[in-house]
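Enquirer: Next up is a structure, given as structure tokens.
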Amino acid sequence: MNNNITRLVGIDLLRAILIIIGVFYHASLVVAPVSWVYASPHYNSYTIGLFFEFFHLFRMETFFLLSGFFSTLLIEKKGKVYYLENRKNRILIPSILLFLLIGIPQYYFIIYNGTFNYDAMISHFWFLQTLIAFIAIQYLYLNKKNYKKHIILSLFFYYLALPTYYLFSKIEIINLFQDSISNILKYLIYYIIGIYSYFNYDELIEKTRNNFIKILTIAVITSTILITLTKIIWEKNGFLFSATTPKDIILFLEKFTLYDIITPTLHLINSLCISFILIYIFSKINHTNKQTIFIVKSSLCVYILHHPLIIIFGKILDNYNLNLFNYFTLLSMIALLIPSFIFYVFRGNSFFNKIFGLDSVNSKIINKTLESNQEN
């Protein structure tokens with residue numbers, strides 16, 4: 009891995025953009041023909057829904073790949089002591105505080121329907137929960153010497169994700185956690201490939217550049233197939249999003265016996281192709297400015313706050329006679345701009361910085377890390 013860290017400015021920006029795209033994706037679910045936390049009774053747009061479903065094919069996959077990449081960079085450059093302290097300040101503590109301040113109130117005042125469900129309570133915090141699990145796995149088990157052999161193991165877990173989700177949906181108590189468990193199984197492979205990408209960064213960039221057209225062609229073909237499948241599924245009563253009975257699941261799997269193998273395979277190929285294309289493109293950004301810094305630092309604040317705003321303002325805007333475009337645009341802008349404004353106003357506040365992971369690592373930890381590096 010080349011030590012020229014300025015080359016990673018664009019990739020860090022990419023990670024922030026992927027998080028922010030979630031605002032538009034969730035806004036699209038309000039007007040798409042699916043059953044989400046809140047679905048507008050006035051709109052049923054396949055166009056908007058499928059357009060943002062394309063981004064959803066690779067958005068979180070690329071995010072976790074980049075998370076594995078940057079976590080490894082942190083360990084390799086600063087050591088495990090610094091890494092653990094940094095992840096505690098930037099991920100663990102903010103996740104707990106934000107869940108208490110926003111997640112639980114959102115669940116009980118906006119989402120709760122009279123029956124407790126852990127996955128529904130976690131809601132859009134799921135990616136932080138999953139990321140914490142991966143951080144722990146990397147800290148305890150993964151290192152520079154053994155991460156490659158875990159790619160095969162994580163691939164096995166990847167193919168278990170969908171059957172595990174179906175199986176757990178039928179088991180009392182465990183079905184409360186089916187999303188949380190299946191997400192860890194599904195996304196671990198991307199995190200580990202992110203580790204691989206760090207140690208082979210220059211080779212990855214070169215191979216992507218030399219095979220750009222081939223990779224792009226595969227991405228276009230697999231995206232087309234997956235979006236077509238999504239449209240078919242939506243037309244069959246929104247199978248993936250609606251509450252289905254065990255009988256529905258059984259009939260679905262009997263009809264599509266290879267669904268659990270073919271679709272995840274296409275999804276994996278698609279996500280990796282698009283991830284490598286995006287990494288190659290954004291690696292060319294090698295300078296920063298105030299706007300870039302703002303986007304990167306505000307991305308977590310925007311993502312955490314946008315979710316309840318979309319639900320609340322989705323209901324409010326339904327009281328007005330807006331056309332589809334105006335409704336979706338206004339809803340998206342509200343969910344994007346209000347958190348951005350809050351971040352801009354409060355970013356200098358120490359408590360605000362703490363809950364959104366903007367605190368710097370303790371100077372004692374930095375000194376300890378430097379001493380450790382000198383000894384090595």
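Residue 384, in my numbering, is where the sequence shown stops; the numbers in between run on with no holes.
We put the beta carbon where it would ideally sit given N, CA and C, even for glycine.
Using only alpha-carbon positions, find the residue among D268, E211, N278 and L170 that is nearest to I223.
Expert: Taking the sequence shown and counting its residues from 1, the one referred to as residue 223 is at position 215. For I223, the nearest C-alpha among the options comes from N278.
Enquirer: Per the contact definition of three or more C-beta pairs closer than 8 Å, is the segment 138–151 in contact with the segment 57–75?
Expert: The segment 57–75 vs the segment 138–151: in contact.
Enquirer: Taking A144 as part of the alpha helix (DSSP H), name the residues at either end of that continuous run.
Expert: Locating residue 144 in the sequence shown gives position 136, where the first residue counts as 1. From DSSP, the alpha helix (DSSP H) with A144 extends over W134 to L148.
Enquirer: If you measure between the beta carbons of L26 and R67, is that distance less than 8 Å?
Expert: Along the sequence shown, one-based indexing puts residue 26 at 18. Along the sequence shown, one-based indexing puts residue 67 at 59. Going by C-beta atoms, L26 is nearer than 8 Å to R67.
Enquirer: Give the straight-line distance between the Cα atoms of Y90 and I83, rounded to the nearest whole angstrom.
Expert: Stepping through the sequence shown from its first residue, residue 90 is reached at position 82. Stepping through the sequence shown from its first residue, residue 83 is reached at position 75. If I take the Cα positions, the gap works out to 8 Å.
Enquirer: Specify the secondary structure class of G122 as computed by DSSP and reduced to three states.
Expert: To locate residue 122, count along the sequence shown from 1; it is residue 114. Three-state result, G122: coil.
Enquirer: Mapping the DSSP letters down to three states, classify Y51 as helix, strand or coil.
Expert: Within the sequence shown, the letter at position 43 stands for residue 51. It is coil, neither helix nor strand.
Enquirer: Counting only the same chain and skipping the five closest in sequence on each side, list residues whose C-beta sits under 6 Å from that of S36.
Expert: Numbered from 1 along the sequence shown, position 28 holds the residue referred to as residue 36. Here the set comprises I56, G57 and F60.
Enquirer: Please identify the residue among N331, I287, Y352 and K292 whose C-alpha is closest to the C-alpha of K298.
Expert: Numbered from 1 along the sequence shown, position 290 holds the residue referred to as residue 298. For the residues N331, I287, Y352 and K292, the minimum Cα distance to K298 belongs to Y352.
Enquirer: Residues in its own chain within less than 8 Å of I2 by CB, not counting five upstream and five downstream?
Expert: Nothing in the structure corresponds to residue 2, since the chain is present only between 9 and 384.
Enquirer: From Y147, F302 and L175, pick the residue whose C-alpha is nearest to that of S79; which is it?
Expert: As a first step, residue 79 is located in the sequence shown; it is residue number 71 there, counting from the start. Closest by alpha carbon: Y147.
Enquirer: Going by C-alpha distance, which of P171, S162, I179 and I182 is nearest Y198?
Expert: Residue mapping note: residue 198 aligns to position 190 of the sequence shown, counting from 1. Nearest C-alpha to Y198: S162.
Enquirer: Exposed or buried, what is N294 when buried is set at 16 or more other beta-carbons lying within 10 Å of its beta-carbon?
Expert: Reading the sequence shown from its first residue, position 286 is the one you call residue 294. Exposed: under 16 other Cβ atoms inside 10 Å.
Enquirer: Which word fits V228, buried or exposed, when buried means at least 16 other C-beta atoms lie within 10 angstroms of its C-beta?
Expert: Sequence index remark: in the sequence shown, residue 228 carries index 220 (1-based). Exposed.
Enquirer: Looking only at C-alpha atoms, which of L16, I319, K178 and Y173 sits nearest to Y120?
Expert: Residue numbering aside, residue 120 sits at position 112 when the sequence shown is read from its first letter. It is I319 whose Cα lies nearest to the Cα of Y120.
Enquirer: From which residue to which residue does the alpha helix (DSSP H) around I200 run?
Expert: Within the sequence shown, numbered from 1, the residue matching residue 200 stands at position 192. From DSSP, the alpha helix (DSSP H) with I200 extends over Q186 to F207.
Enquirer: Using a Cβ-Cβ cutoff of less than 7 Å, which residues in the same chain neighbour I189 once the five nearest sequence positions on both sides are dropped?
Expert: Residue 189 sits at position 181 when you count from the first residue of the sequence shown. T172 and F176, listed in sequence order.
Enquirer: Taking the alpha carbon of N208 as the reference point, which residue from G76, I350 and R98 has its own alpha carbon closest?
Expert: As a first step, residue 208 must be located in the sequence shown, where it is residue number 200. Ranking the options by Cα distance to N208, first place goes to G76.
Enquirer: Check whether the segment 321–339 and the segment 45–52 touch, using three or more Cβ-Cβ pairs below 8 Å as the test.
Expert: Yes, since at least three Cβ pairs between the segment 321–339 and the segment 45–52 fall closer than 8 Å, the two stretches touch.
Enquirer: If you draw a straight line from the C-alpha of F284 to the C-alpha of G122, how long is it?
Expert: Within the sequence shown, the letter at position 276 stands for residue 284. Within the sequence shown, the letter at position 114 stands for residue 122. Going from the Cα of F284 to the Cα of G122 covers about 44 Å.
Enquirer: Going by Cα to Cα distance, which pick from F32, Y33 and L280 is closest to Y195?
Expert: What you label residue 195 is simply residue 187 of the sequence shown in a count that begins at 1. Per the Cα distances, L280.
Enquirer: Apart from the five residues on each side of it in sequence, which residues of its chain come closer than 6 Å, Cβ to Cβ, to L344?
Expert: Against the sequence shown, residue 344 aligns to sequence position 336. If we look at L344 and ignore the five residues flanking it on each side, its Cβ neighbours are V31.
Enquirer: Please classify D20 as buried or exposed, where buried requires at least 16 neighbouring CB atoms within 10 angstroms.
Expert: Your numbering for residue 20 matches position 12 in the sequence shown. Result: buried.
Enquirer: Would you call the CB atoms of L385 and Y206 closer than 8 Å?
Expert: In the structure displayed, the chain extends from 9 to 384; residue 385 sits before or after that span and is not available.
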